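Asker:
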Amino acid sequence: MVRAVDGVSLTARQGRTLGIVGESGSGKSVTTKAVMRLLPANARIDEGSRILLRREEGEIDIAALPARSREIRRLRGGDIGMIFQEPMASFSPVYTIGSQMTEAILEHRDHLERRLGDRFDRRAAREHAIRMLERVGMSNARLRIDQYPHELSGGMRQRAMIAVALATHPSLLIADEPTTALDVTIQAQILDLMLELQQELGMAMLFITHDMGVINQIAEEVAVMYLGRI
Numbered sequence: 353m354v355r356a357v358d359g360v361s362l363t364a365r366q367g368r369t370l371g372i373v374g375e376s377g378s379g380k381s382v383t384t385k386a387v388m389r390l391l392p393a394n395a396r397i398d399e400g401s402r403i404l405l406r407r408e409e410g411e412i413d414i415a416a417l418p419a420r421s422r423e424i425r426r427l428r429g430g431d432i433g434m435i436f437q438e439p440m441a442s443f444s445p446v447y448t449i450g451s452q453m454t455e456a457i458l459e460h461r462d463h464l465e466r467r468l469g470d471r472f473d474r475r476a477a478r479e480h481a482i483r484m485l486e487r488v489g490m491s492n493a494r495l496r497i498d499q500y501p502h503e504l505s506g507g508m509r510q511r512a513m514i515a516v517a518l519a520t521h522p523s524l525l526i527a528d529e530p531t532t533a534l535d536v537t538i539q540a541q542i543l544d545l546m547l548e549l550q551q552e553l554g555m556a557m558l559f560i561t562h563d564m565g566v567i568n569q570i571a572e573e574v575a576v577m578y579l580g581r582i
């Protein structure tokens with residue numbers, strides 16, 4: 353048995369960013385996938401481990417929930433949002449950005465209605481998606497929403513990925529190397545945007561990267577991972 357991550361203890365606080373930095377293979381992505389319960393079938397979380405998420409309704413232990421349970425699906429994309437390194441791997445190439453955002457919003461409509469106090473049918477979900485695209489700085493959002501992922505630039509796709517992750521107003525945002533594939537100028541814009549939205553929504557953020565310069569810009573607290581340990 354290989355322990356990819358061992359004895360890790362982290363706390364992400366509301367309105368603050370915890371940076372996790374480390375070289376490739378140190379266990380950063382495995383840690384975040386454990387939080388999202390997205391580990392491969394041959395991996396498991398050891399008995400006795402706890403992953404606690406504090407919500408308005410109370411505290412929940414994510415590690416204690418079955419990986420394929422309905423509750424996990426509600427948490428993933430609802431209370432917990434995630435931004436991946438390469439949005440083309442997250443978006444389906446055969447559906448428009450808008451259709452994918454709308455479906456994600458409708459999947460978590462109960463969570464969003466509790467957060468915002470509004471009712472969400474398909475039309476309202478589409479309008480909310482447009483507002484989120486505008487909020488992340490996407491020009492001509494009403495036009496862009498009907499485009500396919502390959503029709504957007506790398507920076508625009510990353511903005512769309514951020515809009516999807518934040519559309520349900522999550523309590524925790526996990527960002528796994530979200531700016532690695534972007535040039536320096538776009539990278540700076542995305543980091544500024546994420547900090548602005550974090551303060552606006554009051555969410556906790558886990559930011560994973562191997563770039564100390566990026567961590568210095570975005571994180572108040574930093575954890576260094578090496579060989580699966582902090």
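Its first residue numbered 353, the sequence shown is counted upward by one per residue in the working numbering.
We put the CB at the ideal spot given by N, CA and C, even for glycine.
Here the structure is a predicted model, which means the values were calculated and not measured.
With DSSP collapsed to three states, give me the class of G433.
Answerer: strand
Asker: Assign D470 to one of three DSSP states: helix, strand, or coil.
Answerer: coil
Asker: May I have a chain-ordered list of the beta strand (DSSP E) segments no shorter than 3 residues that lie completely inside the region 508-555?
Answerer: 524-528
Asker: Please specify which runs of the alpha helix (DSSP H), each continuous and at least 4 residues long, are wholly inside the region 394-427, giving them in chain order.
Answerer: The region 394-427 contains these whole alpha helix (DSSP H) runs: 422-427.
Asker: Between the alpha carbons of T383 and Q510, how many angstroms are there, rounded?
Answerer: 22 angstroms
Asker: Does DSSP put T369 in a helix, a strand or coil?
Answerer: strand
Asker: Quick check on the burial criterion: 16 or more other C-beta atoms within 10 angstroms. Buried or exposed for H502?
Answerer: exposed
Asker: Using the C-alpha atoms, what's the distance from E572 back to D462?
Answerer: 32 angstroms
Asker: Measuring alpha carbon to alpha carbon, tell me which residue in G580, I457 and P530 is nearest S434.
Answerer: Just to set this straight, residue 434 is Met in the shown sequence, not Ser. Out of G580, I457 and P530, P530 has the C-alpha closest to the C-alpha of M434.
Asker: What residues match up with V574 in a beta bridge as DSSP calls it?
Answerer: Residue pairing for V574: DSSP places it in a beta bridge opposite G371.
Asker: Take A416 as the anchor and find which of R396, I432 and G430 has the nearest alpha-carbon.
Answerer: R396
Asker: Compare the beta carbon distance of T520 and I567 with 9 angstroms and say whether it is the shorter of the two.
Answerer: Cβ atoms of T520 and I567: not closer than 9 angstroms.
Asker: How big is the Cα-Cα spacing for A364 and I403?
Answerer: 11 angstroms
Asker: Does L558 come out as helix, strand or coil in the three-state DSSP assignment?
Answerer: strand
Asker: For the alpha helix (DSSP H) that T454 lies in, which residues bound it at each end?
Answerer: Unbroken alpha helix (DSSP H) run through T454: I449 to E459.
Asker: Grouping DSSP H, G and I as helix and E and B as strand, with all else coil, what is R581?
Answerer: strand
Asker: What would DSSP say about R297, mapped onto helix, strand or coil?
Answerer: Residue 297 lies beyond the residue range present for the chain, which begins at 353 and ends at 582; the question has no answer from this structure.
Asker: Less than 6 angstroms between C-beta atoms, sequence neighbours within five positions excluded: which residues of the same chain meet that for S378?
Answerer: M577 and Y578
Asker: Buried or exposed: D544, going by 16 or more other Cβ atoms within 10 Å of its Cβ?
Answerer: exposed
Asker: Counting pairs of beta carbons, one from the region 411-428 and one from the region 385-395, are three or more of them closer than 8 angstroms?
Answerer: yes
Asker: Would DSSP call R496 helix, strand or coil?
Answerer: The answer is helix: DSSP assigns R496 an H, G or I state.
Asker: If you compare alpha carbons, which of V354, A356, S401 and E409 is closest to R467?
Answerer: Of the candidates V354, A356, S401 and E409, E409 places its Cα closest to the Cα of R467.
Asker: Mind the definition here: the region 443-460 touches the region 539-558 only if three or more C-beta pairs lie below 8 angstroms; say whether that holds.
Answerer: no
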